[in-house]
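Worksheet: one structure, shown below.
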Amino acid sequence: MSSESTGVVGKWKIIDYSPHPECVDCEFKIESDEENKYRLQASVINSINCCLEHNPENDEWKSSGIASTMMGGSQEDMEKEQFVSDLITNIQCLKVEDEQHLIIQTKNCEQARFERVAV
Numbered sequence: 021m022s023s024e025s026t027g028v029v030g031k032w033k034i035i036d037y038s039p040h041p042e043c044v045d046c047e048f049k050i051e052s053d054e055e056n057k058y059r060l061q062a063s064v065i066n067s068i069n070c071c072l073e074h075n076p077e078n079d080e081w082k083s084s085g086i087a088s089t090m091m092g093g094s095q096e097d098m099e100k101e102q103f104v105s106d107l108i109t110n111i112q113c114l115k116v117e118d119e120q121h122l123i124i125q126t127k128n129c130e131q132a133r134f135e136r137v138a139v
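Each residue of the sequence shown is one higher than the one before, counting from 21 in our numbering.
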């Protein structure tokens, strides 16, 4: 399944993450490397990057190679960054709805809803 058919490539903003509402408005950027392989970048204080791989046979996603810059910030911002990092680390499924919304489900049954950001 190509990046065009899954529709995940683009810039996204969290609009609902009920376990951690302080993460609303955090932005993610997903770019395609090759078929079924992507790069995800998020930023709170630091830039958080990882590789995403999609297995079309079981429709599961796996993140790997998570890296982050190492700047410090307020306790509140550092906690928010940890929540975003945990979300990325535990990605299990990405699903695009009506080309404008992205849902990320995690291995620990959390769900975050995103809205596509116009570039």
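Glycine included, C-beta positions come from ideal geometry on N, C-alpha and C. The model shown is predicted, which means the values in this text are computed figures rather than measured ones.
Where valine 104 is concerned, the enclosing alpha helix (DSSP H) starts and stops at 95-109.
At a cut-off of 3 residues, the continuous stretches assigned as beta strand (DSSP E) that sit fully inside the segment 26-94 are 30-36, 47-54, 57-63, 67-75, 80-88. Each residue's CA atom was taken as its position, placing serine 38 and glutamate 55 some 32 Å apart. In this structure, isoleucine 34 places its C-beta atom within 7 Å of the C-beta atom of phenylalanine 134.
Residue pairing from DSSP places cysteine 113 in a beta bridge opposite Gln125.
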